[in-house]
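Okay, so here's the structure we're looking at.
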Amino acid sequence: MTLSLDLTAEGARDALRSRAATAEKPSLIGLTRAELAAALIESGTVPERQAKMRAQQLWHWMYVRGVSDFAGMFNISKDLRAELDKHFTVARPEIVEEQISADGTRKWLFRFPPRGAGRPVEIETVYIPEEGRGTLCISSQVGCTLTCSFCHTGTQKLVRNLTAEEILAQLLTARDRLGDFPDRDTPDGAIVPAEGRKVSNIVMMGMGEPLYNFEAVKKALLIASDGDGLSLSKRRITLSTSGVVPEILRTGEEIGVMLAISLHATNDDLRDLLVPINKKYPLKELIAACRAYPGLSNAKRITFEYVMLKDVNDSIEDAKGLIKLLKGIPAKINLIPFNPWPGTNYQCSDWETIEKFADYINNAGYASPIRTPRGRDILAACGQLKSESERMRKVDRLALEAMMIAGHGEA
Ligand code: SAH
Ligand code: SF4
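Numbering of the sequence shown is given in full-length UniProt numbering, commencing with residue 1 and proceeding in unit increments.
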C-alpha cells in the first residue's frame, strides 16, 4: 500500500510554497566559500574584513544545521539577518509531490525556476532506506542529451542542466523532510555528530548524465563532502556515468568520489545499440579510463552497472565476456533488473536467468548484488525518473506497475 501525500492539493502545497525560493533573489546555496564571501561583499551586506567569518557562519547554518531561513540563524544580529534576507535566499525549492512507499522508499517531485529554459522544470529525487544505510538518488540534468535505448530519460530531450544549488537542494530538502537535521536546534558550538544519518549515501543516478554537467556536479559534490558542512564521506558518494571518457579521470582527480559505469554490454556492437555514447568512446577507451581511475584498490572499487535485458545481454556467454573485460580492475558488478516503461521494446530477463548470471559472476569471485526493485508501489526507480512534461497518466502508471510486478515475478 502506498501512503501518498499529494501536495498538489492547494492547502498542502501553499504551506510548503510559503518558504520556497522565489526566483528573484539569488540563493547562497551552492556557492564555494570564496564565492559566498564575494557575494556578501558585493551586495554591501557585509564589510570586506568580516566577509570570511560571515561566510563561515552562514556555511554552518546552511549545511550543518540545515536552516532554510535567515531568521533561524541565531548568532547573527537581527539587523544583518534582515539585510541578508533583502538580497539573498537560502530557501528550499517547491515540493510538488511527496510519496512514501510501503517499504519506506520516498519520492519527491521538486519544481525549480525556469532559468532561461522557458518554463519551470520538475525533477524527481528518490530516497531508499536499507539496513544500515539510506541512499538518496539525485538528478543532474532535466532530461538527457544521450539516448540509451532502454532508458526512459533517453526518450526525453535535454531541457537544461541543473545548477549546483539545485543539485544540493535535492539533498537538503530530502533531509528536511526526513527530519535528518536533528542538530538544527542544538546550541552554538556544540559538536554535531555525522553518524546515524538518515541520508548516509548519495548516488548521482537520477535523471541526466552527470559528466555532461561537470562543473555544477563537481561544485555540489565538493560541498556535500565538505567536512565543516554536510560532511558526507566521498566513499559514500557514487557518480554514475554512461561513459564520458574524457571526464572520468577528472572525476577522480577533482571530485574524488566513487565511480559507477553503466556498462550493460561487453562488446562494442551491442553497446553501440544500448548506450550510443559507445560509438564516440568505445569499450577499449572506457576500460582504459577505468583502469587509470585514481586510488583504486580492493577497498575502493568501481561499480559496473549491468541492466538485465531479456535475450539481449543476459546469456552465460555475456557473463563470461563481462568477467574477461573487467579482469584486473578492482570492480563490483551491480545487476539491475530492467525496469520497463510504456513504449519500450525491451523486457526484463526472467528471474531464473538473472540468478544464473549472478551465480556465474559470483563463482568468478565477484560479489554481484542484484539491485532489488524498491518502492515499486510509487515507481521509484533510479534511471527512470521523469519530468512533468513526460509524466505518465495514472492509468499508464498502474499498467506499468502491473508489468513490473509480473516481470519480476514477485509482489
Ligand atoms: N546517466 C547516468 C546516470 C543516470 S542512469 C548513467 O547512465 O550512468 C542510472 C542507472 O540506471 C544507469 O546505470 C542506467 O543505465 C540505469 N537505467 C536507466 N534506465 C533503466 C531502466 N529502465 N531499468 C533499469 N536500469 C535503468
Ligand atoms: Fe542518459 Fe543515463 Fe539514461 Fe543514458 S542511461 S539516456 S546517459 S540518463
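The C-beta atom is built at its ideal place from N, Cα and C for all residues, glycine as well.
Beta-carbon gap between L322 and T238 smaller than 7 Å: Pairing L322 with T238 gives a Cβ-Cβ distance that is not under 7 Å.
Quick one: residues in its chain with C-beta nearer than 6 Å to the C-beta of V46, no 5 flanking neighbours on either side, listed in chain order? L40, R54
Secondary structure of W108, DSSP reduced to three states: strand
Our contact map puts R301 next to A331 with C-beta atoms below 8 Å; I'd like the distance itself, whole angstroms only. 5 Å
Would you tell me roughly how many angstroms separate the C-alpha atoms of F112 and L172, rounded to the nearest one? 14 Å
Quick check for students: name the residue ranges of the beta strand (DSSP E) that lie wholly in the segment 115 to 194, counting only runs of 3 or more. 121 to 130, 133 to 137
Would you call the CB atoms of F74 and D85 closer than 7 Å? Here F74 is not near D85, since their CB atoms are 7 Å or more apart.
Span of the alpha helix (DSSP H) around V245: Where V245 is concerned, the enclosing alpha helix (DSSP H) stretches over 245 to 250.
For F304, three-class secondary structure by DSSP: strand
What does DSSP give as the partner residues of T241 in its beta bridges? I261
So, are the CB atoms of residue 416 and I354 less than 7 Å apart? Outside the displayed range of the chain (1 to 411) lies residue 416, so it cannot be described from this structure.
Is it buried or exposed, N339, if we count other Cβ atoms within 10 angstroms and call 16 or more buried? buried
Local Cβ density within 10 Å of M297, reported as buried at 16 or more and exposed below that: In the sequence as presented, Met is not what sits at residue 297; that position holds Ser. So S297 counts as exposed.
Where R92 falls: helix, strand or coil (DSSP): strand
Can you name, in chain order, every residue of its own chain whose Cβ lies under 6 Å from the Cβ of G132, other than the five neighbours on each side? none
Spatially closest choice to I316 from E352, Y63, N213, by CA coordinates: E352
So, using beta-carbon positions, are S349 and D314 closer together than 7 Å? yes
Using DSSP with H/G/I as helix, E/B as strand and the rest coil, what is K198? coil
Going by DSSP in three states, S389 sits in which element: helix, strand or coil? Confidence is the limiting factor: at S389 the pLDDT is only 32, short of 50, which leaves the residue's position unreliable, though a coordinate-based value still follows. Residue state for S389 is assigned as helix, using DSSP reduced to three classes.
Buried or exposed (CB count within 10 angstroms, at least 16 for buried), E165: buried
Within this structure, are the beta carbons of R106 and Y127 separated by less than 7 Å? yes
Counting only the same chain and skipping the five closest in sequence on each side, list residues whose C-beta sits under 7 Å from that of E216. The displayed chain sequence assigns Ala, not Glu, to residue 216. Same-chain partners within the cutoff: N161, L162, T163, A164, I167.
Taking the alpha helix (DSSP H) that K218 falls in, what are its first and last residues? 214 to 224
Return the chain-ordered list of same chain residues with a C-beta closer than 7 Å to the C-beta of K157, the five sequence neighbours on each side being excluded. G143
Per-residue DSSP class, three states only, for R345: For clarity, residue 345 is Asn in the given sequence; the question names Arg instead. Reduced to three states, the DSSP call for N345 is coil.
Work out the CA separation of L283 and L274 for me, nearest whole Å. 13 Å
Taking only heavy atoms of the ligand SAH into account, decide whether any of them is closer than 6 Å to the Cβ of M159. Looking at the sequence provided, one finds Val at residue 159 rather than Met. No - the ligand SAH has no heavy atom lying nearer than 6 Å to the Cβ of V159.
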